[in-house]
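As they're listed, the protein sequences go chains Z and E.
Using this note's numbering, the letters of the first sequence correspond one by one to residues 25 to 427.
Using this note's numbering, the letters of the second sequence correspond one by one to residues 25 to 427.
Below is one structure, written out as structure tokens; the observations come after it.
Protein chains: 2
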Amino acid sequence: MQWEGFFNLKAGRIGPSIIAEMARMVGPDGISFTSGEPSADLIPLEGLKAAFKKTLRDDSLFSYPSTPGYPPLREWISEWMSSENLAPGWLDPSCVILTNGSQGAVNLVAETFIDPGDLVLTESPTYPEALLAFQREGSVILPVPVDEEGPIPEALEEVLARRKAKFFYTVVNFQNPSGCTTSDRRKAAILDLARKHAFFILEDDPYRYLRYEGKPNRSYFEMAGDDQRVIYLGSFSKILAPGVRCGWCAFPPGVRKKLLEIRLSLELCPPALTQGAVFEFLRECDLEEHLEGLVRVYRTRRDALVRALQDSASSTGLSLSVPQGGFFLWGTCRGMRDMFAFAKHAALEKKVGFIPGRFFYPTVGEGEDTIRFAFAKVTPEQSMEGSRRFREALESFPGRHCL
Amino acid sequence: MQWEGFFNLKAGRIGPSIIAEMARMVGPDGISFTSGEPSADLIPLEGLKAAFKKTLRDDSLFSYPSTPGYPPLREWISEWMSSENLAPGWLDPSCVILTNGSQGAVNLVAETFIDPGDLVLTESPTYPEALLAFQREGSVILPVPVDEEGPIPEALEEVLARRKAKFFYTVVNFQNPSGCTTSDRRKAAILDLARKHAFFILEDDPYRYLRYEGKPNRSYFEMAGDDQRVIYLGSFSKILAPGVRCGWCAFPPGVRKKLLEIRLSLELCPPALTQGAVFEFLRECDLEEHLEGLVRVYRTRRDALVRALQDSASSTGLSLSVPQGGFFLWGTCRGMRDMFAFAKHAALEKKVGFIPGRFFYPTVGEGEDTIRFAFAKVTPEQSMEGSRRFREALESFPGRHCL
């Protein structure tokens, strides 16, 4: 039988993930700046394995888990967010749901709020897998440009003067892909706009604790306070291990009932066995020390890549914006007209991988000369070699205009 | 802020799970025939824990898993289904995706195929959490009545004479809730209708290996052969442990690409750590012996409940249909006009829980006098006591008409 006629509109609205495709293209032996994954050698394996073994003692975790997720971890998160001043005073564990990574939380919100034709604000550029979920549900994306201080309120206001949006999706710290961090001043201005124009804010914050310099900032979630206008997403993927598939969303009481009903219809509940292991790990470990260790290594990797690219590629028209944390270095290649063709050339001919920036833009045709390097998995030595290959790829690229 | 105006149409289309609600109502100290859960004492805990510990040695499982799921388990399932004659010759591991339980697979299909207004055929009565996913996506349900041999082809044909359906969702063995098993003759007739009327079949088969008598039957998936008109759903929740949250769907190559794109947008991928543990368990265990052990105990429990209800409740107008396997005993209470009121009365006053059958019917107003008892978790002694309470509840029910 022919299946083409059976797929729904949603299936027609989405395509494959470009990041997975580029990662495959460069292959396992290449030097890859493609995926925003934590470095495997920084996953606290011993601690997590011990935590798993401890969790296995609880026989009840082999039966059906509760719909919102493992209660002790939800309590831990609620207390942690409060003690870090990330949450308003009303937050309690009943307003925390554990999800299959951040993507599960992004999707849960998409499933609960987006109707086809709804307008959704996102940063431009932004995280493409969030766009997949939003576009799948039929939303129309309204892009809001960012600068080094985050999304630009004046640009947001200009959009809102003409359109009515349902929510604004924003990656607040060391944004994927641009690396920008939203200042608290900007957050206050954008919250004002949210109140004025009656939209809510979906705050995605997976990189918060990977800050290499500067001072921690506030969250929209806490700043909104009793206005309760924000849903906050966190994740253990970047700071513990992506393989535990454990993220969360924290939300106002007014959305709990519907989020739980939708969650049940999606999957009943994810495994409490992995959530239990995350909880046991967090209870035993010195989290501050663990995070300091990550920051030390990732900072060194960021600096090494910046130096290597500046040394070997400064003559090539590449300009970089250096983030204060996170996994991504964002660049512009002056005069580059087809970055995707160049990326394929570099991956196949020189075995160096990166992501053409245009895939992070909600609007087709934007960001053609931009480029994203993910540095978390790349040692300083590999960055030297990767930068050399990048320059060679540029020099040998038949269609190069990046000079 | 007021959230009411922000929810989408999907959120408006679904409500809470009645099964979870009834389970809560009877409380942990009551005797509960409510949830279709396996018995905790039949979960092979030692084997699963050993398998988990072995799985933990593979450091790579702490990084991002592959989108379709842990490859060795997908291979194992593909080979198993083939060796059990459940799969057509073309099945290979690339046509198997691991999901967060069966519900994850039901949802994946709903997300990939249903547009609002699409017509979906289901058995009547049927599994209500599947209805949640289908209705959430805006499908209109066309009910097909069942008898002891499964869905009635003539009734199906009558529906199809007037309507164009996209797919038929069917629980083929020891159906939840009615306990009926679709005969191979019925499957052949329904496959003919599927070809003639151009719909596909979503075959949900979580109870296949819990057969207490009679001979195993064929699957739609295998019977369709090269016509490739069937998506098959399996699960380890009922035969190993629901807490591993591991189900799967097996499907024709023509749907692979879109299923994977949708899956990525939903959750990236579920944890390979739990999938790996399932694989290690299956590799080490004598599955046949394990399943025989389950069958022995569950058969005894089914028989004990049937006997107890017939002894204590035959004078009450309750008639039962005894299933050849699975978890559910389905009954009709002659003259009962408000089974939900009676169920609440029984749960609160007599501490015995069961599910009013009407919640399994896609059409409001049907099955008012029907009732589902889940017996898997209930020992013979508890069944005696539960049946006694059931009769007492009936006798003390102010609105009783079941005589």
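Here a beta-carbon is modelled for each residue, glycine too, at the ideal position from N, C-alpha and C.
On a predicted model such as this, the values are computed, not experimentally measured, just so you know.
For E/E227, no CB of chain Z lies under 8 Å from its own CB, so it is not counted at the interface with that chain. Chain Z places a beta carbon closer than 8 Å to that of E/E135, counting this residue as a contact. Here DSSP, grouped into helix, strand and coil, assigns E/F352 to strand. Counting C-beta pairs with one atom in each stretch, the region 414-422 of chain E and the region 171-182 of chain E have fewer than three that are closer than 8 Å, which means they do not touch. Per DSSP, reduced to three states, the secondary structure at E/G174 is strand. Within the same chain, Cβ atoms closer than 7 Å to the Cβ of E/G174 are found at C204, T205, T206, S207, R210, the five residues on either side in sequence being excluded. In the three-state reduction of the DSSP assignment, E/T146 falls in the strand class, which pools E and B.
The beta carbons of Z/R219 and Z/R253 sit about 7 Å from each other, so the pair counts as a contact at 8 Å. Shown here for E/D53: same chain residues with a beta carbon closer than 8 Å to its own, the five before and five after excluded, namely K375 in chain order.
At a beta-carbon threshold of 9 Å, none of the residues of chain E lie near Z/I165; the nearest stands roughly 14 Å away. Using a C-beta cut-off of 8 Å, the region 307-322 of chain Z makes no contact with the region 318-329 of chain E, since fewer than three inter-stretch Cβ pairs fall below that distance. Nearest to Z/G391 by alpha-carbon distance, out of Z/F245, Z/C357, Z/Q299, Z/P266, is Z/C357.
For the region 252-275 of chain Z, the residues whose beta carbon sits under 7 Å from a beta carbon of chain E are, in order, Q252, R253, A265, P266, G267, V268, R269. Around E/P140, the same chain offers L33, E161, G162, S163 as residues with beta carbons nearer than 8 Å, after the five sequence neighbours per side are excluded.
Of all residues in the region 282-312 of chain E, the ones placed with a Cβ closer than 7 Å to any Cβ belonging to chain Z are K282, E285, I286, L288, S289, L290, E291, L292, P294, P295, A296, L297, T298, in chain order.
Residue burial annotation: Z/A212 is exposed, with fewer than 16 other C-beta atoms found within 10 angstroms of its C-beta.
From the beta-carbon of Z/F224, the residues of chain E found nearer than 9 Å are M25, W27, F30.
Its chain contains L122, A296, Q299, G300, F303 as the residues whose beta carbon lies nearer than 7 Å to that of Z/Y94, once the 5 sequence neighbours on both sides are disregarded; these appear in chain order. In this structure E/L132 does not touch E/Y193 by the C-beta definition: roughly 13 Å separates them, more than the 8 Å allowed. It is roughly 17 Å from the alpha-carbon of E/E153 to the alpha-carbon of E/G350. When the beta-carbon positions are compared, E/R287 and E/W354 stay at least 8 Å from each other. The beta carbon of E/E227 lies closer than 8 Å to those of T194, V196, S243, Y244, F245, V254, I255, Y256, L257 in the same chain, with the five residues before and after it left out. At a C-beta separation below 8 Å, Z/F86 has these neighbours in chain E: A64, I67, L69, L72, A265, P266, G267, V268. Contact annotation: in the region 364-395 of chain Z, no residue has its CB less than 9 Å from a CB in chain E. Using a Cβ distance threshold of 8 Å, Z/C119 and Z/F275 count as a contacting pair. For Z/F192, the nearest beta carbon of chain E is not closer than 8 Å to its own beta carbon. Using beta-carbon distances, Z/F57 does not count as an interface residue toward chain E, since no partner is under 8 Å.
Per the C-alpha coordinates, the member of Z/W272, Z/I225, Z/R323, Z/G267 positioned closest to Z/D251 is Z/I225.
Comparing alpha-carbon positions, the option among Z/H369, Z/I43, Z/P404 lying closest to Z/A417 turns out to be Z/H369. Selection E/V346, E/S336, E/D310 evaluated against E/D327 yields E/V346 as nearest (Cα-Cα).
The beta-carbon of Z/A189 is placed no less than 8 Å from the nearest beta-carbon of chain E.
Residue environment: E/N109 is assigned as exposed (fewer than 16 neighbouring CB atoms within 10 Å of its CB, all protein chains considered). Here the C-alpha atom of Z/A265 lies approximately 6 Å from the C-alpha atom of Z/I67.
When Z/F399, Z/F378, Z/D142 are compared, the shortest CA-CA separation from Z/I42 is found for Z/F378. In the displayed model, E/W272 falls within a strand according to three-state DSSP. Any Cβ of chain E closer than 8 Å to the Cβ of Z/V279 would place that residue at the interface, and such an atom is present.
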